[in-house]
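Following my numbering, the numbering of the first sequence begins with 1470 at its first residue and continues without gaps.
For each residue, glycine too, the CB sits at the ideal point set by N, CA and C.
This structure is a prediction, so every number in the text was calculated from the model and none was measured.
Take a look at the structure below.
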Amino acid sequence: MMGIIAYDILPHMPELPEVQTTVDGINTLVKNKVISDIWTDLNNSSARFGDCIKNPKFFTQFKNRLIGKKIIGASRRAKNILIDVIDGKDKETILIHMKMTGHIMYGSYMYDAEKNHWYPKAGQIALEDPFNRFLHLVITFTNGKQLVLSDVRKFAKVTLVESYTKEFSHLGPEPLEKEFTSAVFLKQITRFPNKSIKTSLMDQRLISGIGNIYSDEILHVARVLPNHSVKNVSDEQLSAIYKHIKPVLSKGVKFGGDSTSDYRNIYGERGKFQGKHAVYRRTGQKCARKGCGGIILRKVINGRSAHYCPLCQK
DNA sequence: TGCAGTGTTGCTTC
DNA sequence: CGAAGCAACACTGC
């Protein structure tokens, strides 16, 4: 390694599999822990951010309402993390959207008062990680350990919610739920006929949780070019896309998410899905489909980079 | 040295 | 209603 820290800043937010991996990690490691203190350095912004911890007034409330409460479990809706906490009958839900570069870890961290900065204590995976420099929210528990938010670009949104339904009313169905039938998919995906199929797959109003990586991967296995308008995608192609949504997302969860960039799981470890890409960020390389021989191309669609094989995707 | 690229959401404007 | 453009932010690579 020669002391060189080799890492790329390739910002892409956690998508469904990454968020699910984090939620599973919280349920494994952080359940029943009682909050004793909360620190942030994001609460120095103007009030224009509304009810989130970037608003200093809100952060004070956030802290007061959560200290003394116990984590009872985490769940996921779209790319949002929901953490339920309780103190007697007094229940709150912490809502975290990791946006571009956020990720959450649990371990032992120490505070440097002079620098107003937190560091992982020795002997932890996170210590080796270049992203440990960007801790912006630290929740300390009565056992002395911390749940931390690392976020290079500080886009993550952290708040408290009372009503899930109100908060998430604009979101499309969850693709891994059994209610996500072929009929539901067809109804949703055809809502904006003039948009590209890739853009529609990533539209959170149509389907929840799919972003740039998984939309590219789904379209590759379904053999559909990303730039086609939805109205020009055949019924056969739409059913192929539907057929592959669940397996591709489940594969992402199975491999612990994608760490092409900054994503880390609750232990500070990388996921392994980046080693499984057929197309995403494989521009100029050979198509992963056996016997295809195509070379992966990259094209900007609606301001986002799409990766695809011009030979086997039609 | 400076600026485009990186990806997502939500707000503004039309 | 919708689409398109941009801001939120940090850092890299050219």
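- By the Cβ neighbour-count rule, residue 1783 is exposed, with fewer than 16 other Cβ atoms within 10 Å of its own.
- The beta-bridge partner set that DSSP reports for residue 1775 consists of 1768.
- Straight through space, the alpha carbons of residue 1610 and residue 1619 are spaced by roughly 18 Å.
- Nearest neighbour of residue 1603 by Cα position, chosen from 1733, 1648, 1684, 1544, turns out to be 1733.
- In the structure shown, residue 1574 adopts extended strand secondary structure according to DSSP, grouped into three states.
- Proximity of the segment 1645-1661 to the segment 1695-1715 meets the contact definition, three or more beta-carbon pairs being nearer than 8 Å.
- Contact between the segment 1497-1517 and the segment 1539-1549 is present, with at least three C-beta pairs closer than 8 Å.
- A distance of 7 Å or more separates the beta carbons of residue 1767 and residue 1781.
- CA-to-CA, the gap between residue 1527 and residue 1582 works out to about 23 Å.
- Between residue 1548 and residue 1624, the C-beta gap is not smaller than 7 Å, which leaves the two residues out of contact.
- Under DSSP, residue 1503 takes part in a beta bridge, and its partners are 1539.
- In the DSSP assignment, residue 1707 falls within the alpha helix (DSSP H) that extends over 1704-1723.
- In this structure residue 1655 is exposed. Its beta-carbon is surrounded by fewer than 16 other beta-carbon atoms within 10 angstroms.
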